[in-house]
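Participant: Residues 1 to 80, numbered by full-length UniProt numbering, are exactly what the sequence shown covers, in order.
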Amino acid sequence: MQNQVDLSLPVAKTIEQHPELLELLIDLGFTPLSNPVMRNTVGQVTTLKAGAKMVGVPLEKIVSALENNGYDVIGVADGK
């Protein structure tokens, strides 16, 4: 599915698949993603779930924002 976001994938992979999500994620609190070096280093190994914990953003807020923007979110069940 084209509009599917898997929270268990690395952030960099998610942005590679959906470049339009970069600004949304930054707005949600993933401010380190505004730095290309961070995206290409930490982002290669950090999942959205782990990143949410790192930046202190509730996973439910991320899921809600993604769903409100038309994305089908998977990989949530074990992260709540």
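By construction, the Cβ of each residue, glycine as well, lies at the ideal position given by its N, Cα and C atoms.
Rounded to whole angstroms, what is the Cα-Cα separation between G51 and D27?
Facilitator: In the sequence shown, residue 51 corresponds to position 51, counting from 1. In the sequence shown, residue 27 corresponds to position 27, counting from 1. If you draw a straight line from the Cα of G51 to the Cα of D27, it is about 14 Å long.
Participant: Do the CB positions of L7 and L48 come within less than 8 Å of each other?
Facilitator: Along the sequence shown, read from residue 1 onward, the residue named residue 7 stands at position 7. Along the sequence shown, read from residue 1 onward, the residue named residue 48 stands at position 48. Between L7 and L48, the CB-CB gap stays under 8 Å.
Participant: Tell me whether V45 sits in a helix, a strand or coil according to DSSP, three-state version.
Facilitator: Residue mapping note: residue 45 aligns to position 45 of the sequence shown, counting from 1. Three-state result, V45: helix.
Participant: Identify every run of the alpha helix (DSSP H) within the UniProt domain "DUF1858" (7-63), keeping only runs that are complete inside it and at least 4 residues long; order them along the chain.
Facilitator: 11-17, 21-28, 36-40, 42-45 and 48-55
Participant: Mind reading off the beta-carbon distance from G56 to A12? Whole number of angstroms is fine, and I expect it under 8 Å.
Facilitator: On the sequence shown, residue 56 is found 56 positions in, with the first residue counted as 1. On the sequence shown, residue 12 is found 12 positions in, with the first residue counted as 1. Wrong, their Cβ atoms sit about 20 Å apart, outside the cutoff.
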